[in-house]
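Order-wise, the sequence lines are chains G and Y. FYI, our numbering numbers position 175 of the first sequence as 207, with every residue one higher than the one before it. FYI, our numbering numbers position 252 of the second sequence as 278, with every residue one higher than the one before it. Where a beta carbon is used, it is the ideal one built from N, C-alpha and C, also for glycine. This report concerns only the one structure given below.
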Amino acid sequence: MSKGATRKGRGADRRQFLADAAKTACGAGLAGLALGLLTRQAKSLPATALRPPGALPEDKFAGACVRCGLCVQDCPYDTLKLAGLADDVAIGTPFFTARRIPCEMCEDIPCVAACPTGALDKEMTDIDTARMGLAVLVDQETCLNFLGLRCDVCYRVCPLIDEAITLKESANLRTGKHAFFLPTVHSEYCTGCGKCEKSCVLEEAAIKVLPIHIAKGHQGAHYRLGWIEKEKHGGSFVPGLIDLPDRLPGGQP
Amino acid sequence: MSARYIPGREAIKSRGLVRAFKWLVIRRAVQLGVIAAFLAGPLAGVWIVKGNLASSLVLDTLPLSDPYIQLQSWVAGHRPETDAILGALILIGVYALLGGRAFCSWVCPINIVTDGAHWLRRKLGLTGGIRFSRNLRYWILAATLTVALAGGTIAWELANPVTIVFRGLIFGMGAAWAVLAAVFLLDLFISARAWCGHLCPVGAFYSLIGSLSITRVSAAGRARCDDCLDCYAVCPEPQVIRPALKGAEANRGPVILSPNCTNCGRCIDVCPEDIFKFSTRFGNRGAGYPAPERAVEEKNAKEAA
């Protein structure tokens, strides 16, 4: 401030400075608001978009993934893509669509190894512990096995065959002499790789990989299953329990 | 300045075509070279470097991570792996050496877009437009960090044209063309040098590194200055020139110390009197000039006496 400035002059300078600063701060505030809105929108992930194996939970992933694309470049199967402006996924972040190219479950997990920030957790060393999603046989009306046929393809391509997907036998009451072999997913083992969804022979897959929070229910901690508790106990909790005859359907003994 | 006046004409006459475009040509070569290095892998299978500007791996060994993005990630609550931390520290060191905003002039792909827009603007003789404050970008920088803190995400990356365009070059542009066009049109029609000079928080962040950086431009030959104003005309941050070029009376040294100087070298190319050159920030002390703050104090003290 020069010595010659009058009090009035200095006041005008100060007012000008405050006005400019206020304008600038408002501009930045608007920018911040716009960014904040974008962030909220980007936090949700469409159900068909699956993160790479080892990805942190979505709210942590958004703060960890720097959108470098190293995982995409290291995937040997072109599974992963970086989200473009047209995709409903946060722009630049890696994801895959099971029906397009599923995760091939590489033993050495090159995508996790490539990630420089830990958005794909390096603690995950066994690909079988990945939880990218959970397969659910969503359409029992169209699934060929549910119609009594023997498609079995999803069961056969599953990398954790007889663990993640098993075929549960059930009586075919329509014919009276055949069995259904119903593909059954077990969430304890399913990694959400999507090979089942990819291989489903129907026009629209009857088995789909869904986000885990949509696919799973949750029992209260107070539930106990009697037959499991009995097995754990090594026998009945109530000694000398009489087993009364069961009434079967159709009046059979 | 009329639309027909072209700064640099005098330099071509007095120093020759090569000297008059030397640093511009080298700079564009480096910018395109960086893009080519990243494309060599996906296009030709020659993997010199993987990833993109946000984080990359050179020759499968050297990690490099954009420090601004890492800062936002930290503020958002994430604690990164070693590679990311190491990569960020390496880049901070590199830019502290070469000039913080050297990223803007020598690496950033948006610089090519905005320089192009500015060239076209001058060619078409466009003037006027919105006048943003040069400080707005620092407020936007603060806003991006605030949103990262509040939202727990790297929010700025949802909109950042620098990474959107660079990522598009490597992984497929798609709708990234719209972002590129938006920045181009902003700088062409709405406001001169709007993006790089007033809005971009990436440049603002790198200028903070630049406040320590060693490589600086010096107006060493300022005694020969004939006030042709060509350097101001080509400079994307013309406010940085005057304190150094005209600072002799105020006992200021010739080194352009302002962190907003991007080390682009346009002033070096365009000056017909060959006044500017690349130097270090210690050039002032070397020539016997006091630190800038002390220069002003001493001048005031002299005036008071």
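| query | result |
| --- | --- |
| Do you know whose CA, among G:Ser202, G:Ala167, G:Cys143, lies nearest Cys186 (chain G)'s CA? | G:Ala167 |
| Consult DSSP for Ser159 (chain Y) and reduce its assignment to one of helix, strand or coil. | coil |
| What residues in its chain sit with their C-beta under 7 Å from that of Val139 (chain Y), if we drop five residues either side in the sequence? | Leu206, Val209, Phe210 |
| Would you say Thr111 (chain G) faces chain Y, with C-beta separation under 8 Å as the test? | no |
| Does the beta-carbon distance from Ile180 (chain Y) to Gly95 (chain G) come in below 8 Å? | yes |
| Sort G:Glu173, G:Arg72, G:Glu139 by Cα distance to Cys286 (chain G) and report the nearest one. | Residue 286 (chain G) lies beyond the range of chain G shown here (33 to 285); nothing can be said about it. |
| Let's test the definition: count the other Cβ atoms within 10 Å of the Cβ of Glu261 (chain G) and tell me whether it reaches 16, buried, or not, exposed. | exposed |
| Ala128 (chain Y) to Thr288 (chain Y), Cα distance in whole Å? | 5 Å |
| Given a cut-off of 8 Å on the beta-carbon distance, is the pair Thr189 (chain Y) and Asn78 (chain Y) in contact? | yes |
| Quick one: does Glu275 (chain Y) have its CB under 8 Å from some CB of chain G? | no |
| Measure the beta-carbon distance from Lys349 (chain G) to Leu179 (chain G) and round it to whole angstroms, keeping in mind my assumption that it falls under 8 Å. | Residue numbering for chain G in the displayed model covers 33 to 285; residue 349 (chain G) lies beyond these limits and cannot be assessed. |
| Report back the beta-carbon spacing between Leu181 (chain G) and Phe197 (chain Y) to the nearest angstrom; my notes put them in contact at under 8 Å. | That belief does not hold up - the Cβ atoms of Leu181 (chain G) and Phe197 (chain Y) are roughly 42 Å apart, past 8 Å. |
| Counting C-beta neighbours from all protein chains within 10 Å, is the total for Ala204 (chain Y) 16 or more, i.e. buried, or is it exposed? | exposed |
| Return helix, strand or coil for Val84 (chain Y), following the three-state DSSP convention. | strand |
| Using a threshold of 8 Å, state whether the C-beta atoms of His224 (chain Y) and Leu162 (chain Y) are closer than that. | yes |
| Return the residues of the stretch 117-141 of chain G that lie within a Cβ-Cβ distance of less than 7 Å from chain Y, sorted by chain order. | Leu117, Ala118, Ala122, Ile123, Gly124 |
| Please name the residue, chosen from G:Gly61, G:Asp171, G:Cys103, G:Pro243, that lies closest to Cys225 (chain G) on a Cα-to-Cα basis. | G:Pro243 |
| Apply the 10 Å Cβ neighbour rule to Phe304 (chain Y) and answer buried if 16 or more other Cβ atoms are within range, or exposed otherwise. | exposed |
| Anyone know if the C-beta pair for Val296 (chain Y) and Val260 (chain Y) falls short of 8 Å? | yes |
| With three or more C-beta pairs closer than 8 Å as the rule, is the stretch 83-92 of chain G touching the stretch 141-160 of chain G? | yes |
| Go ahead and pull the three-state DSSP assignment for Pro68 (chain Y). | helix |
| Just the C-alpha distance for Gly282 (chain G) and Cys222 (chain G), rounded to the nearest angstrom, thanks. | 39 Å |
| Starting from the beta carbon of Thr172 (chain Y), find every residue of chain G whose beta carbon is closer than 8 Å, and list them in chain order. | Gly64 |
| Counting only runs that start and end within the stretch 230-291 of chain Y, where is the beta strand (DSSP E) found for 3 or more residues in a row? | 241-244 |
| What three-state label does DSSP hand Asn204 (chain G) in the structure shown? | strand |
| Do Gly236 (chain Y) and Gly126 (chain Y) have their beta-carbon atoms positioned less than 8 Å apart in this structure? | yes |
| Tell me the start and end of each unbroken beta strand (DSSP E) in the stretch 71-142 of chain Y that is at least 3 residues and wholly inside, in chain order. | 75-78, 81-84, 88-91 |
| Just verifying my parser: in three-state terms, what is the DSSP assignment at Leu152 (chain G)? | strand |
| Taking the alpha helix (DSSP H) that Phe212 (chain G) falls in, what are its first and last residues? | Segment 210-217 is the beta strand (DSSP E) holding Phe212 (chain G); no alpha helix (DSSP H) there. |
| If you measure beta-carbon to beta-carbon, which residues of the stretch 189-206 of chain Y are closer than 9 Å to chain G? | Thr189, Ile190, Arg193, Gly194, Ile196, Phe197, Gly198, Met199, Gly200, Ala201, Ala202, Ala204, Val205 |
| Under the three-state reduction of DSSP, which class applies to Val173 (chain Y): helix, strand or coil? | helix |
| Which residues mark the beginning and the end of the alpha helix (DSSP H) in which Leu195 (chain Y) is found? | 187-197 |
| Per DSSP, what kind of secondary structure is Leu69 (chain G) in: helix, strand or coil? | helix |
| In angstroms, rounded to a whole number, what distance separates the CA positions of Phe308 (chain Y) and Phe127 (chain G)? | 49 Å |
| Can you tell me which of G:Ser219, G:Ser202, G:Asn204, G:Lys209 puts its alpha carbon nearest to the alpha carbon of Asp194 (chain G)? | G:Ser219 |
| Please compile the residues from chain G whose C-beta is within a distance smaller than 9 Å of the C-beta of Asn161 (chain Y). | Asp52, Ala53, Thr56 |
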